[in-house]
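I have placed the structure first, in the form of structure tokens, so that the comments after it can refer back to it.
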DNA sequence: CGACGATTTGAATAGGATCAATGGGAGTGG
DNA sequence: CCACTCCCATTGATCCTATTCAAATCGTCG
């Protein structure tokens with residue numbers, strides 16, 4: 001690993017509090033690897049061999065059953081994924097694939113578990129990370145069970161706007177097919193949902209979405225910190 | 001707290017590895033309290049004041065938005081709930097209410113966080129517990145996004161049968177209204193889903209459900225360990 | 001017995017999925 | 001540079017699932 005990558009990692013909350021010795025050992029065991037777009041990193045059901053950290057790019061987590069597939073979440077820069085499976089020494093409940101070009105840090109599961117046993121600060125950092133993941137899924141499940149498709153899209157757009165600095169125009173970070181799956185609908189349905197949002201001041205131009213009246217859209221989306229707040 | 005209750009708690013994986021001193025302090029700070037059925041323990045959005053452990057009975061976790069409500073999960077004997085909120089010192093993302101009569105252990109959030117800081121074994125036990133919760137929600141989200149209502153019901157019945165010792169007759173642990181919400185449908189729809197399952201050998205008699213042909217139902221439910229396995 | 005809540009059933013509607021067909025770039029090869 | 005192709009996105013039509021509203025039935029608890 002290049003020194004700059006190592007020092008970047010050291011900043012991550014997961015590793016920040018670790019003892020130097022443990023961090024040293026962990027980063028020696030780790031591989032930093034570049035992946036082209038649309039590569040399958042592993043499939044659901046595989047034994048958890050590695051913990052992943054996204055150094056650059058975005059990874060899609062997905063799941064399937066009986067021939068159907070759905071997107072479960074996206075992980076981007078500085079995010080970790082599949083930590084729970086590694087800790088419990090179990091199989092992955094989701095598959096993972098790269099969205100665009102990616103650089104990923106892969107840490108062998110055994111080494112993570114060893115560090116977890118030895119380093120108390122690391123163990124505590126994992127708690128905080130996992131608690132955050134857990135709360136993230138809970139929010140997404142509330143989104144899914146309590147809102148209709150159109151409402152989910154509206155809320156998604158406003159969250160995206162907040163993330164991108166409240167510009168009047170936001171850019172979808174991945175293609176609509178993926179977005180649809182993430183929001184729990186078909187691509188056709190997403191198109192129609194966009195059309196439904198037109199009277200609320202939403203104009204689509206490829207991946208770029210103009211939101212003319214955030215108030216108006218907000219009345220439909222009814223953002224709640226208990227569903228839409230990032231982090232926490 | 002009665003000594004028998006304390007010793008029972010000590011067995012829970014969350015507390016099993018704790019140092020005696022820490023456990024002592026934690027159990028001194030805790031309240032064991034009995035609640036009648038259908039009591040609201042706290043509401044979503046409340047600040048996390050207590051960690052709860054179910055000593056006896058069942059608690060429903062629910063969420064609401066814009067006048068709609070849904071059931072997010074059930075916690076029964078020896079389960080903990082709301083651990084993530086306590087650790088992150090945040091607000092509850094879900095509300096909680098008792099289903100039947102309950103005895104609950106309430107541990108002040110501050111004391112849990114103090115024990116978390118001081119006791120390394122406790123911190124590690126929390127990791128394992130949280131990882132389990134996380135994987136539980138992921139499974140439930142897969143169930144929700146990948147299966148139709150009827151399929152979810154079929155899978156639920158088979159999981160219940162496994163839990164209750166593969167008897168030909170299973171008993172629903174709570175009323176159908178709650179079950180419907182848990183499965184992400186309306187009570188009316190649950191009734192119809194039961195009717196749809198009749199040709200698959202499912203006979204309803206109040207809360208008691210007879211499953212005459214588990215094979216047949218299984219072909220519809222297509223249980224997968226990646227969605228339906230308990231624990232892990 | 002009567003009242004109430006839970007459950008079931010029926011009818012109408014809405015929301016979402018599927019199937020089919022068309023338009024629109026991005027990339028490829030000539 | 002242009003034609004071609006492929007894949008994504010959109011649109012239309014239709015179907016199916018699930019929700020809503022309404023009403024009837026069932027059981028249980030006073």
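Chains as they are written, first to last, in my numbering: chain P, 1 to 232; chain G, 1 to 232. No residue lacks a Cβ here, since even glycine has one placed at the ideal position from N, Cα and C.
Would you call residue i buried or exposed, if buried means 16 or more other Cβ atoms sit within 10 Å of its Cβ?
{"i": "residue 73/P", "result": "buried"}
{"i": "residue 98/G", "result": "buried"}
{"i": "residue 200/G", "result": "buried"}
{"i": "residue 141/G", "result": "buried"}
{"i": "residue 120/P", "result": "buried"}
{"i": "residue 186/P", "result": "exposed"}
{"i": "residue 184/G", "result": "buried"}
{"i": "residue 246/P", "result": "The question about residue 246/P has no answer here: the residues shown for chain P are numbered 1 through 232."}
{"i": "residue 129/G", "result": "buried"}
{"i": "residue 193/G", "result": "buried"}
{"i": "residue 195/P", "result": "exposed"}
Rounded to whole angstroms, what's the CA-CA distance from residue i to residue j? Just pull it up for me.
{"i": "residue 171/P", "j": "residue 178/P", "result": "14 Å"}
{"i": "residue 136/G", "j": "residue 220/G", "result": "22 Å"}
{"i": "residue 149/G", "j": "residue 101/G", "result": "30 Å"}
{"i": "residue 54/P", "j": "residue 107/P", "result": "11 Å"}
{"i": "residue 234/G", "j": "residue 31/G", "result": "This structure does not reach residue 234/G, given that chain G is present from 1 up to 232, and the question cannot be answered."}
{"i": "residue 143/P", "j": "residue 70/P", "result": "16 Å"}
{"i": "residue 12/P", "j": "residue 23/P", "result": "12 Å"}
{"i": "residue 157/P", "j": "residue 167/P", "result": "12 Å"}
{"i": "residue 76/P", "j": "residue 209/G", "result": "46 Å"}
{"i": "residue 111/P", "j": "residue 48/P", "result": "12 Å"}
{"i": "residue 203/P", "j": "residue 213/P", "result": "11 Å"}
{"i": "residue 173/P", "j": "residue 57/G", "result": "46 Å"}
{"i": "residue 16/P", "j": "residue 10/P", "result": "5 Å"}
{"i": "residue 227/P", "j": "residue 64/G", "result": "10 Å"}
{"i": "residue 37/G", "j": "residue 117/P", "result": "42 Å"}
{"i": "residue 59/P", "j": "residue 207/P", "result": "19 Å"}
{"i": "residue 39/P", "j": "residue 155/P", "result": "30 Å"}
{"i": "residue 233/G", "j": "residue 81/G", "result": "Here chain G comprises residues numbered 1 to 232, so residue 233/G is not present and cannot be evaluated."}
{"i": "residue 113/P", "j": "residue 222/P", "result": "42 Å"}
{"i": "residue 6/P", "j": "residue 28/P", "result": "10 Å"}
{"i": "residue 87/G", "j": "residue 205/P", "result": "43 Å"}
{"i": "residue 225/P", "j": "residue 46/G", "result": "12 Å"}
Give the DSSP-derived three-state secondary structure of residue i in the structure shown.
{"i": "residue 33/P", "result": "strand"}
{"i": "residue 48/P", "result": "coil"}
{"i": "residue 79/G", "result": "coil"}
{"i": "residue 41/P", "result": "strand"}
{"i": "residue 137/G", "result": "helix"}
{"i": "residue 232/P", "result": "coil"}
{"i": "residue 166/P", "result": "coil"}
{"i": "residue 181/P", "result": "helix"}
{"i": "residue 171/G", "result": "strand"}
{"i": "residue 210/P", "result": "strand"}
{"i": "residue 203/P", "result": "strand"}
To which residues does DSSP link residue i through a beta bridge?
{"i": "residue 98/G", "result": "59/G"}
{"i": "residue 105/P", "result": "32/P, 53/P"}
{"i": "residue 71/G", "result": "62/G"}
Round the Cβ separation of residue i and residue j to the nearest angstrom and send it over; I've been treating them as touching at under 8 Å.
{"i": "residue 79/P", "j": "residue 44/P", "result": "With a Cβ gap of about 18 Å, residue 79/P and residue 44/P do not count as contacting."}
{"i": "residue 132/G", "j": "residue 8/G", "result": "No, residue 132/G and residue 8/G are not in contact; Cβ-Cβ is about 20 Å, not under 8 Å."}
{"i": "residue 126/G", "j": "residue 14/G", "result": "7 Å"}
{"i": "residue 176/P", "j": "residue 190/P", "result": "6 Å"}
{"i": "residue 26/G", "j": "residue 115/G", "result": "5 Å"}
{"i": "residue 109/P", "j": "residue 182/P", "result": "With a Cβ gap of about 27 Å, residue 109/P and residue 182/P do not count as contacting."}
{"i": "residue 123/G", "j": "residue 123/P", "result": "5 Å"}
{"i": "residue 93/G", "j": "residue 138/P", "result": "5 Å"}
{"i": "residue 104/P", "j": "residue 33/P", "result": "6 Å"}
{"i": "residue 85/G", "j": "residue 91/G", "result": "7 Å"}
The ligand MG and residue i: does the residue's C-beta get closer than 7 Å to at least one heavy atom of that ligand?
{"i": "residue 91/G", "result": "The ligand MG is not part of this structure, which contains no ligands at all."}
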